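Trainee: Residue numbers (full-length UniProt numbering): 1 to 302. All C-beta atoms, glycine included, are put in the ideal place defined by N, C-alpha and C. None of these values were measured; they are calculated from a predicted model.
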Amino acid sequence: MQTTTALTSYLEQSDEVKARFAAIKERPVILEVNHLGKTYPSHQGTVEALRDVNFKIHRREFVCVIGPSGCGKSSLIRTLAGLETVTSGEILIDGNPIDGPGQDRGMVFQGYTLFPWLTVKKNVMFGLERAGKSRIEAESDALMWLDLVGLDKFADAYPHQLSGGMKQRVAIARSLATQPRILLMDEPFGALDAQTRTKMQSHLLDIWKNIDITVLFITHDLDEAVFLADRILVLKAHPGEVQELIEVPVPRPRTLDQLNSPEFLATRARVDELIHPPVTEEEGEDISARIIRLTKVTDNVE
Ligand SMILES: Nc1ncnc2c1ncn2[C@@H]1O[C@H](COP(=O)(O)OP(=O)(O)OP(=O)(O)O)[C@@H](O)[C@H]1O
Ligand SMILES: [Mg+2]
């Protein structure tokens, strides 16, 4: 087990990292969220999913959102996507308030959302044709985006012929093809096995490096957040409020051998502390009191 005592604070940044954040802050703001609140009606009254959420994301910035289950991560991203209405506050893209879903925001969900009856290429062409491109243009664009995600050879395959990781690569190609200003990703690698997930993280960073795209990425995996993000927005539960906005001091380009670097571990430890606060004695007792023993007390089961 790693201990955090010998680590530097995540607040300490090398000169190179400081310069990178200074440059990011100089870039135009793509997404601005002001005093966002989201409440749902429910049988027991209302559920307040988000309260007074404020943040900005600059062009080509990669921001991860993390928080305990039920803290409002999906509510946040669905509201940003225009799939849910806001209860209070405002969301601006390039300074303009959003009004429902739009081509300026691409979305990748956890579940596989490709059309099963269309080939990989036609899945990517779908949005392009809807946006008014001719069939020929849409086809050549789709092939270019499939090439970018390394799946040009699978253009004529159907989704059921692809692995989970490949399906998500097509979903990424499909979202990027319509050239959104920001890519909104809700736990896109959550259903993948650990090894594929790690590969997809590196792959996503490669894609991000090669194109002009801003990313908001929801996860509940601490390593994933620290590995991918420029900044991590930590939400707290009930209602979802911003707890901390962490500037990740790990230099870029990111590589897997940074996972044990002091900067990585210090950041991970801080996020862990925020989303897994120590269990109080009362809570601990409550949990053990509820565990029902289904073996005889005399059975030695350990
Ligand atoms: N359509 C809805 N109607 C009523 N309540 C909802 C609705 N969607 C979400 N909620 C409630 O809002 C709160 C936040 O839910 P949300 O799905 O945004 O959390 P989450 O952080 O994405 O959770 P998870 O980590 O499990 O994906 C929860 O209390 C949930 O029950
Ligand atoms: Mg969710």
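Less than 6 Å between C-beta atoms, sequence neighbours within five positions excluded: which residues of the same chain meet that for T3?
Mentor: Residue placement at T3 cannot be trusted, given a pLDDT of 47 that sits under 50; the coordinates are not used to answer.
Trainee: So, are the CB atoms of R254 and F227 less than 7 Å apart?
Mentor: yes
Trainee: Within 10 angstroms of its Cβ, does K121 collect 16 or more other Cβ (buried), or is it exposed?
Mentor: buried
Trainee: Our contact map puts Q195 next to E224 with C-beta atoms below 8 Å; I'd like the distance itself, whole angstroms only.
Mentor: In fact, because the Cβ distance is near 13 Å, the residues do not count as touching under 8 Å.
Trainee: Over what stretch of residues does the beta strand (DSSP E) that includes I30 continue unbroken?
Mentor: 29-42
Trainee: Going by the beta-carbon positions, is the gap between I98 and T214 smaller than 7 Å?
Mentor: no
Trainee: I'd like to confirm the pairing. Which residues does DSSP put opposite P97 in its beta bridges?
Mentor: Looking at the DSSP assignment, P97 forms a beta bridge with L92.
Trainee: According to the neighbour-count rule (16 or more other Cβ atoms, all chains shown, within 10 Å of its Cβ), is Y10 buried or exposed?
Mentor: buried
Trainee: Over the uninterrupted alpha helix (DSSP H) stretch that includes residue 379, give me the two end residues.
Mentor: It is not possible to answer for residue 379, since the shown part of the chain is limited to 1 through 302.
Trainee: Got a sec, what are the start and stop residues for the alpha helix (DSSP H) D257 sits in?
Mentor: First-last for D257: undefined, no H or E at that position.
Trainee: How far does the beta strand (DSSP E) with Q243 in it reach, from first residue to last?
Mentor: Membership of Q243 in the beta strand (DSSP E) is indicated by the continuous run 241-247.
Trainee: Apart from the five residues just before and just after K56, which ones in its own chain have a Cβ nearer than 6 Å to its Cβ?
Mentor: Contacts found: V29, E32.
Trainee: If we count Cβ pairs, one from each stretch, closer than 8 Å, do we get three or more for the segment 72-85 versus the segment 258-265?
Mentor: By the Cβ rule, the segment 72-85 does not count as touching the segment 258-265, because fewer than three pairs are nearer than 8 Å.
Trainee: According to the neighbour-count rule (16 or more other Cβ atoms, all chains shown, within 10 Å of its Cβ), is K167 buried or exposed?
Mentor: The residue in question, K167, is buried, as its Cβ has 16 or more Cβ neighbours within 10 Å.
Trainee: Within 10 angstroms of its Cβ, does D94 collect 16 or more other Cβ (buried), or is it exposed?
Mentor: exposed
Trainee: Check whether the Cβ of V47 sits closer than 6 Å to any heavy atom of ligand 1, and report yes or no.
Mentor: yes
Trainee: In the DSSP assignment, find the alpha helix (DSSP H) that holds T198 and state where it starts and stops.
Mentor: That run of the alpha helix (DSSP H) goes 194-210.
Trainee: Since V242 contacts N54 with CB under 8 Å, what's their CB separation in whole angstroms?
Mentor: 7 Å
Trainee: So the candidates are A81, G150, D15; which of them puts its Cα closest to the Cα of R181?
Mentor: A81
Trainee: Does the structure place the segment 105-116 close enough to the segment 181-190 that three or more beta carbon pairs sit under 8 Å?
Mentor: yes
Trainee: Which of the three DSSP states, helix, strand or coil, is assigned to D186?
Mentor: strand
Trainee: Given the structure, does K73 come close to ligand 2, in the sense that its CB is under 6 Å from one of the ligand's heavy atoms?
Mentor: yes
Trainee: From D221 to G190, what distance separates their C-alpha atoms?
Mentor: 9 Å
Trainee: How far does the alpha helix (DSSP H) with I232 in it reach, from first residue to last?
Mentor: That residue, I232, is in no alpha helix (DSSP H); its beta strand (DSSP E) goes 231-236.
Trainee: Please indicate yes or no: does the CB of S88 lie closer than 6 Å to some heavy atom of ligand 1?
Mentor: Every heavy atom of ligand 1 is 6 Å or more from the Cβ of S88, so no.
Trainee: For T214, which residues does DSSP report across the bridge?
Mentor: I182
Trainee: Please classify D15 as buried or exposed, where buried requires at least 16 other C-beta atoms within 10 Å of its C-beta.
Mentor: It is exposed - the Cβ of D15 has fewer than 16 other Cβ atoms within 10 Å.
Trainee: Below 8 Å on the Cβ atoms is my guess for V63 versus P249; work out the distance and round it to an integer in Å.
Mentor: Not quite, the Cβ-Cβ distance comes to about 15 Å (not below 8 Å), so this is no contact.
Trainee: Does the Cβ of G190 lie closer than 6 Å to at least one heavy atom of ligand 1?
Mentor: no
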